[in-house]
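Colleague:
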Amino acid sequence: MITRSSKRRPIASWQAQLRDAYRDPRELLADLGLDPESLGLGAKAAEHFPFLVTRAFASRMQPGDVNDPLLLQVLPHAAELSSAPGFSDDPVGEFSLGENSSVLRKYSGRALVLASSSCAINCRYCFRRNYPYEAHRGSDALENGLAELRADTSINEVILSGGDPLVLSDAKLDQYLTRLADIGHLRRLRIHSRLPIVLPDRLTAALLRMLSRQRFEAVMVVHCNHPQELDASTLEGLRRMRDAGITVLNQAVLLHRVNDDAEVLATLGERLFSAGTLPYYLHLLDRVSGTAHFDLNESRISQLQRELRARVPGYLMPRFVRELAGGDAKTPFG
Ligand SMILES: *Cc1c(COP(=O)(O)O)cnc(C)c1O
Ligand code: SF4
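Counting in the numbering used here, the sequence shown runs from 1 upward without gaps.
(1) Where does Asn225 land, buried or exposed, given buried means 16+ other C-beta within 10 angstroms?
(2) Should Ser5 go down as buried or exposed, given a rule of 16 or more other Cβ atoms within 10 Å for buried?
(3) Can you tell me which residues fall inside 6 angstroms of ligand 1, judged by beta-carbon distance to its nearest heavy atom, and keep chain order?
(4) When you compare only the Cα positions, how much space is there between Val337 and Tyr280?
(5) Should Asn100 go down as buried or exposed, given a rule of 16 or more other Cβ atoms within 10 Å for buried?
(6) Can you find the residues in the same chain that come closer than 6 angstroms, C-beta to C-beta, to Arg322, ignoring five residues on each side of it along the sequence?
(7) Rounded to whole angstroms, what's the CA-CA distance from Ser118 to Arg19? Just pull it up for me.
(8) Any contact between the region 260-279 and the region 86-95? By contact I mean 3 or more CB pairs, one from each, below 8 angstroms.
(9) Hey, quick one: how far does the beta strand (DSSP E) through Ala252 stretch, first residue to last?
(10) Put Leu211 into one of helix, strand or coil per three-state DSSP.
(11) Does the Cβ of His48 have 16 or more other Cβ atoms within 10 Å, making it buried, or fewer, making it exposed?
(12) Can Leu211 and Ala244 be called in contact, C-beta distance under 8 angstroms?
(13) Are the Cβ atoms of Leu70 and Phe51 separated by less than 8 angstroms?
(14) Can you give the beta carbon distance from Leu238 to Ala275, rounded, assuming they're within the 8 angstroms contact cut?
(15) Could you tell me if Tyr315 is buried or exposed, where buried requires 16 or more neighbouring beta carbons within 10 angstroms of its beta carbon?
(16) Could you tell me the distance, in whole angstroms, from the CA atom of Ala84 to the CA atom of Cys123?
(17) With DSSP run on the structure shown, which of helix, strand or coil describes Leu32?
(18) Just verifying my parser: in three-state terms, what is the DSSP assignment at Leu41?
(19) Regarding Arg128 and ligand 2, is the C-beta to nearest heavy atom distance less than 7 angstroms?
As structure tokens, this is what we get:
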């Protein structure tokens with residue numbers, strides 16, 4: 001893997017690592033010993049949804065392997081340019097929710113705050129790759145969202161999401177936490193983030209202190225799809241969160257050629273558990289335009305579910321769910 005030969009752990013700050021992320025797929029291909037020209041029409045796909053990968057994540061890719069399961073998640077592909085029946089820009093009906101508000105309320109008791117519009121890595125299968133963030137950002141949208149949270153005492157859990165909320169500075173996160181802590185009926189704070197996986201150095205001592213000192217019961221839901229994403233520094237970060245009193249869960253997305261294999265999913269759950277993290281959801285792909293090449297048919301999904309259930313203890317069995325427009329919770333599959 002790329003940095004193995006250099007032996008050196010990156011000592012740059014997480015902000016510097018974020019700035020230094022790969023933004024040209026050809027550069028990543030070259031570093032992996034692959035032909036940059038093999039990108040082909042993928043270059044065009046990257047014009048619609050930019051290419052972005054941290055070096056920490058890329059360092060876990062296998063050089064010379066065009067089918068590397070981590071590379072497949074991030075490499076723009078010509079197939080993204082074709083339309084497919086049943087795939088659209090907003091399959092889960094989120095675009096119209098919460099007009100001029102940074103808060104999305106779909107399910108009872110929980111509200112999701114769009115705290116950031118960017119990520120540390122752009123996953124090609126992303127359900128928000130076409131999301132009109134502009135309508136939900138800005139200070140008006142934040143004030144409107146906070147007003148909604150204050151007004152509805154049935155909401156007891158707030159979820160910081162995005163984008164990825166951990167790309168925000170500690171100061172900005174602290175502002176969020178302080179303002180949310182003022183809303184008495186909120187009991188739990190949940191953060192949905194892929195940074196603990198793709199940029200483990202984001203989990204600074206200062207961040208963990210901030211998260212463990214606030215008044216909420218804290219939950220971190222990370223996003224890891226394949227056991228190869230879990231190197232030593234990532235596992236250590238997961239353990240440190242748990243040691244800080246945070247409940248750590250994982251959500252994954254079921255992806256053709258990446259993790260559609262019961263053995264891979266079983267290993268993922270076991271490796272997460274070794275670092276104190278439980279599998280939570282295994283999301284079936286949202287039918288977002290440009291992602292059809294990651295899709296699996298239902299009989300294959302059922303088969304995987306049966307095979308995985310036969311392999312792992314119940315507590316390592318993720319819930320297979322689909323997000324449907326208008327549902328009152330994620331819809332269980334099978
Ligand atoms: C997925 C989701 C949640 C959280 O659902 P849980 O089942 O509690 O994990 C909350 N709000 C929105 C808009 C969501 O999409
Ligand atoms: S980290 Fe999450 S929100 Fe960001 S691109 Fe990947 S799947 Fe989408």
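Glycine included, C-beta positions come from ideal geometry on N, C-alpha and C. Quick caveat: nothing in here was measured; it's all calculated off a predicted structure.
Modeller: In short:
(1) buried
(2) With a pLDDT of 48 at Ser5, under the threshold of 50, the modelled position of this residue cannot be trusted, and the question is left open.
(3) Leu104, Lys106, Tyr107, Arg110, Leu112, Ile159, Ala329 and Lys330
(4) Any property of residue 337 remains undetermined from this structure, which presents the chain solely from 1 to 334.
(5) exposed
(6) Leu284, Thr331 and Phe333
(7) 13 angstroms
(8) no
(9) Counting along the chain, the unbroken beta strand (DSSP E) around Ala252 starts and ends at Thr247 to Val253.
(10) In the structure shown, Leu211 adopts helical secondary structure according to DSSP, grouped into three states.
(11) exposed
(12) yes
(13) no
(14) The beta-carbon separation of Leu238 and Ala275, rounded to 4 angstroms, stays under the 8 angstroms limit for a contact.
(15) exposed
(16) 19 angstroms
(17) coil
(18) coil
(19) yes
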